[in-house]
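Going line by line, the protein sequences match chains D and F.
1 is the number of the first residue of the first sequence in my numbering; add one for each residue after it.
1 is the number of the first residue of the second sequence in my numbering; add one for each residue after it.
Ideal Cβ positions, reconstructed from N, Cα and C, are used throughout, including at glycine.
Here's the structure, in structure tokens; my notes come after.
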Amino acid sequence: MEIIITGILLGGAYALIAVGLTIQYGVARIMNLATGETLVASCFCTFWMFNSLKINPILGIFLIAPAAFILNWAIYSLLLLPLVRRAKNKAMLEVDSILATFGILFLLEGLMLVGFGGEYFSYSFLSTSYTIAGTAYGLNRIVAFLAAVLITGTLYVFLTHTRYGTSVRAVAVDPAAAGLVAINVDRVSAFAFALGGVVTAAGGTLLSTFYTFNASMGVVFTMKALIIVIMGGVGDVRGAVIAALILGIAETATATLIDPGLTIAATYFLFILILLFRPQGLFGRQTT
Amino acid sequence: MLRIENMSVAYGHHRALDNVSMKVDSGEIVVVLGANGAGKSTLLKAIGGMIPAGNGFKASINGLQIQNKKPHTIVEAGIALVPEGRGVFGELSVGENLKLGANPKRARKHENKNLKTVFDLFPVLARRKNQLVRTMSGGEQQMVAIGRAIMSQPDIMMFDEPSLGLSPLLTTEVFKVLTLLKKTGVGILLVEQNARQSLAIADRGYLLENGHIGQSGLARDLIEDEAVRKAYLGG
Chain D
1 MEIIITGILL GGAYALIAVG LTIQYGVARI MNLATGETLV ASCFCTFWMF
51 NSLKINPILG IFLIAPAAFI LNWAIYSLLL LPLVRRAKNK AMLEVDSILA
101 TFGILFLLEG LMLVGFGGEY FSYSFLSTSY TIAGTAYGLN RIVAFLAAVL
151 ITGTLYVFLT HTRYGTSVRA VAVDPAAAGL VAINVDRVSA FAFALGGVVT
201 AAGGTLLSTF YTFNASMGVV FTMKALIIVI MGGVGDVRGA VIAALILGIA
251 ETATATLIDP GLTIAATYFL FILILLFRPQ GLFGRQTT
Chain F
1 MLRIENMSVA YGHHRALDNV SMKVDSGEIV VVLGANGAGK STLLKAIGGM
51 IPAGNGFKAS INGLQIQNKK PHTIVEAGIA LVPEGRGVFG ELSVGENLKL
101 GANPKRARKH ENKNLKTVFD LFPVLARRKN QLVRTMSGGE QQMVAIGRAI
151 MSQPDIMMFD EPSLGLSPLL TTEVFKVLTL LKKTGVGILL VEQNARQSLA
201 IADRGYLLEN GHIGQSGLAR DLIEDEAVRK AYLGG
């Protein structure tokens, strides 16, 4: 029970990271390998704002989100849109975008290493305990989880119940047909890429309230996000959320029952199982 | 009125369209007949902005220039395309597809009126509003595609082989809908292989052969024409 609750609390932040990636890949068709760096950059921003400006990390999201939106919009419009225009087919865009974002990964990681060095960072926010069903959990983890639920819920309502959100899903389903209903595909793609960046950055902020981070851990989170996205089915927000919770529980169970050093091994084990038995994702349909 | 002047499209060295000019008035059905590969789909896609046409051509709707514009701008200008293979959003519901149809700014304030029109034409869509489109039959998906185009409040509607893959009964049904739409004042540009039925509902027709316009004229004259009978109506 304790493992499940701890795992679910961890899964909340994972869900945001994966949902961010799945929106970027599903709508803007960019497999963003620098997604982990977006997350770490957001951790550092939150850390810096908390330490020097005394800004509450949860409220800090409202400052980080617009910044992440603008930055990701610019990255898409200046760097990635030319690749989209040039690509003759999906495979070509996939290769190009992986190479381009791989470059962004090293650029961002390098900048953060220069700025903060290689040490581990953490800060103390709401580090008191809160008791659920007789067991104490970090209050920061609970608050981060609740914030993640709120953000994901808002996003879900936006995507399913507003005209613009429906347009975003239409581009995900069929970009060519989206043009036929007067959707500006380039603009909606840029918006989706920026939105995905915001969700990922929010995940980073929440993660930093209870997690020890350093400048070069981004790639681990990119892998985790990729695993969750593939497990949940590419472009499937609901699938990503469930897969994130499963991953959170699996990692916590491994760390508690076997050995903390094996969490990444457990992650990959799960990944291999999914690839072997449900390559289309937990809820995906067999493609025809 | 839709007017096309000197449109040419090339795929590499292959000229798919060669100096095509035509016009479609409001309230008339114009059919473009041609064999497979004659350039019929290319024509509609080029007008809709989905593929680039060469320089030097002109396209306008009601006097507004639309050559070399993006698809979303052309829909805003009042041209709706019902593409071959329908181009509906299979992963979205019927209701969402229709709502997206009303996405152009010109269509938003007419959304309720147009939705009523669509549901009157295709009552089955009203009953299946929440169904995912990919789980529907080919005929029903065609209705969604036509309905979605109606939702965008078009002045000109273009249909790329709407009878493709439909039963004779459904084909008759779809052609009847085209006649009803024409009566509302919409101009219709129809691309078809089914020459007999499409000439029967059309006002005028163009014959597209290897990328250029051969014959053109009133539909009732084309039906009687000896050469047309031989090539398109089976003698």
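Hey, residue i and residue j: beta-carbon distance below 8 Å or not?
i: residue 44/F; j: residue 158/F; result: yes
i: residue 144/F; j: residue 112/F; result: no
i: residue 100/D; j: residue 83/D; result: yes
i: residue 160/F; j: residue 41/F; result: yes
i: residue 197/D; j: residue 20/D; result: yes
i: residue 100/F; j: residue 170/D; result: yes
i: residue 156/F; j: residue 78/F; result: yes
i: residue 93/D; j: residue 187/D; result: no
i: residue 85/F; j: residue 71/F; result: no
i: residue 15/F; j: residue 21/F; result: no
i: residue 30/F; j: residue 188/F; result: yes
i: residue 75/F; j: residue 182/D; result: yes
i: residue 177/D; j: residue 87/F; result: yes
i: residue 137/D; j: residue 214/D; result: no
i: residue 296/D; j: residue 126/D; result: The structure shown does not extend to residue 296/D, since chain D is modelled only from 1 to 288, so the question has no answer here.
i: residue 44/D; j: residue 112/D; result: yes
i: residue 151/F; j: residue 121/F; result: no
i: residue 3/D; j: residue 249/D; result: yes
i: residue 6/F; j: residue 89/F; result: no
i: residue 174/F; j: residue 141/F; result: no
Can you name the residues of chain D whose CB is closer than 7 Å to the CB of residue i?
i: residue 148/F; result: 181
i: residue 60/F; result: What residue 60/F touches in chain D: nothing, since even the nearest Cβ is about 18 Å away.
i: residue 249/F; result: Because chain F spans 1 through 235 in this model, residue 249/F falls outside it and cannot be assessed.
Going by DSSP, what residues sit across from residue i in a beta bridge?
i: residue 138/D; result: 129/D
i: residue 217/D; result: According to DSSP, which records beta bridges pairwise, residue 217/D is partnered with nothing at all.
i: residue 92/D; result: In the DSSP output, where bridge partners are listed per residue, residue 92/D has none listed.
i: residue 217/F; result: 205/F
i: residue 121/D; result: 213/D
i: residue 93/F; result: 132/F
i: residue 20/F; result: 7/F
i: residue 2/F; result: 24/F, 61/F
i: residue 212/F; result: 209/F
i: residue 14/F; result: 11/F
Give the range of the alpha helix (DSSP H) segment to which residue i is assigned.
i: residue 42/D; result: 35-53
i: residue 63/F; result: Premise fails: residue 63/F is in no alpha helix (DSSP H) and is neither H nor E.
i: residue 112/F; result: 111-121
i: residue 268/D; result: 263-277
i: residue 176/F; result: 168-183
i: residue 82/D; result: 81-86
i: residue 76/D; result: That residue, residue 76/D, is in no alpha helix (DSSP H); it is neither H nor E in DSSP.
i: residue 283/D; result: Counting along the chain, residue 283/D falls outside any alpha helix (DSSP H), and DSSP gives it neither H nor E.
i: residue 143/F; result: 138-151
i: residue 313/D; result: Because residue 313/D is not part of the residues shown, which for chain D are 1 to 288, the question remains open.
i: residue 21/D; result: 2-26
i: residue 203/D; result: 185-208
i: residue 29/D; result: Taken as a continuous stretch (DSSP letters only), residue 29/D belongs to no alpha helix (DSSP H), as it is neither H nor E.
Give the interface partners of residue i over in chain F, defined as CB-CB distance under 7 Å, in chain order.
i: residue 89/D; result: Result: empty, since nearest Cβ-Cβ is about 15 Å, beyond 7 Å.
i: residue 184/D; result: 72
With a threshold of 7 Å, establish whether the CB of residue i neighbours any heavy atom of the ligand FMN.
i: residue 113/F; result: Ligands displayed in this structure: none; no statement on the ligand FMN is therefore possible.
Which residue comes first and which comes last in the beta strand (DSSP E) that contains residue i?
i: residue 160/F; result: 156-160
i: residue 187/F; result: 187-192
i: residue 29/F; result: 29-33
i: residue 79/F; result: 79-82
List, in chain order, every chain F residue whose beta-carbon is nearer than 9 Å to that of residue i.
i: residue 129/D; result: Under the 9 Å cutoff, chain F gives no residues; its nearest Cβ is about 44 Å from residue 129/D.
i: residue 167/D; result: 100, 103
i: residue 192/D; result: Within 9 Å Cβ-Cβ: nothing; residue 192/D doesn't reach chain F, min ~16 Å.
i: residue 238/D; result: What residue 238/D touches in chain F: nothing, since even the nearest Cβ is about 13 Å away.
So which residues of chain F does residue i contact, with C-beta pairs closer than 8 Å?
i: residue 173/D; result: 89, 90, 91, 92
What does residue i touch in chain D if you count any residue whose Cβ is under 9 Å from its own?
i: residue 83/F; result: 176, 177, 180
i: residue 76/F; result: 182
i: residue 152/F; result: 180, 181, 182
When you check each C-beta in the segment 38-50 of chain F against every C-beta of chain B, which residues fall closer than 8 Å? Annotation note: the requested chain B is absent from the structure, which comprises protein chains D and F.
Count Cβ pairs between the segment 36-53 of chain D and the segment 263-270 of chain D that sit closer than 8 Å; are there 3 or more? Output reads no: the segment 263-270 of chain D does not touch the segment 36-53 of chain D.
Closer than 8 Å is the cut-off here; do at least three beta carbon pairs connect the segment 61-79 of chain D with the segment 189-206 of chain D? A contact exists between the segment 61-79 of chain D and the segment 189-206 of chain D.
Can we say the segment 228-240 of chain D touches the segment 185-197 of chain D, given the rule of at least three CB pairs closer than 8 Å? With the cut-off at 8 Å, the segment 228-240 of chain D and the segment 185-197 of chain D do not touch.
Count the C-beta pairs between the segment 9-20 of chain D and the segment 236-252 of chain D that are closer than 8 Å, then say yes if the count reaches three, no if not. These segments touch.
Three or more C-beta pairs under 8 Å: does that hold for the segment 60-78 of chain F against the segment 221-231 of chain F? In short, these stretches do not touch, since the Cβ pair count stays below three.
Meets three-Cβ-pair contact criterion under 8 Å: the segment 223-230 of chain D and the segment 155-169 of chain D: With the cut-off at 8 Å, the segment 223-230 of chain D and the segment 155-169 of chain D do not touch.
How do the segment 40-50 of chain D and the segment 116-129 of chain D stand: do at least 3 beta-carbon pairs fall below 8 Å, yes or no? Output reads yes: the segment 116-129 of chain D touches the segment 40-50 of chain D.
For the structure I just gave you, are there three or more beta carbon pairs, one from the segment 120-140 of chain F and one from the segment 85-94 of chain F, closer than 8 Å? Contact holds: three or more Cβ-Cβ distances are below 8 Å.
Determine contact between the segment 3-17 of chain D and the segment 201-212 of chain D, defined as no fewer than three beta-carbon pairs at a distance below 8 Å. The segment 3-17 of chain D is in contact with the segment 201-212 of chain D.
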